[in-house]
Amino acid sequence: MKDPVCGMEISEKDEPIIHNGKEYRFCCATCRWAFEQNPEQFTSS
Ligand SMILES: [Zn+2]
1 MKDPVCGMEI
11 SEKDEPIIHN
21 GKEYRFCCAT
31 CRWAFEQNPE
41 QFTSS
């Protein structure tokens with residue numbers, strides 16, 4: 001699994017954000033915050 005914001009590989013088991021039925025995890029609170037502000041920007045598929 002990769003951090004959708006910065007592309008870093010994520011191995012830790014942090015609390016995921018569920019968006020459109022998919023789980024997303026983040027390397028840090030900053031990436032998590034950025035995703036929460038505008039999920040569509042990082043899930044354009
Ligand atoms: Zn990140």
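Position 9 of the sequence shown, counted from 1, bears residue number 9 in this note's numbering, the numbering being contiguous throughout. Beta carbons: idealized from backbone N, C-alpha and C, even for Gly. These numbers were taken from a predicted model, which means no experiment stands behind them.
| Check | Outcome |
| --- | --- |
| Close-in-space but distant-in-sequence residues of the same chain around P16 (CB under 7 Å, 5 per side omitted) | E23, Y24, R25 |
| Coarse secondary structure for E15, derived from DSSP in three states | coil |
| Limits of the unbroken beta strand (DSSP E) element including E23 | 22-24 |
| D14: CB within 6 Å of a non-hydrogen atom of ligand 1 | no |
| Separation of N20 from F42, as counted between CA atoms | 12 Å |
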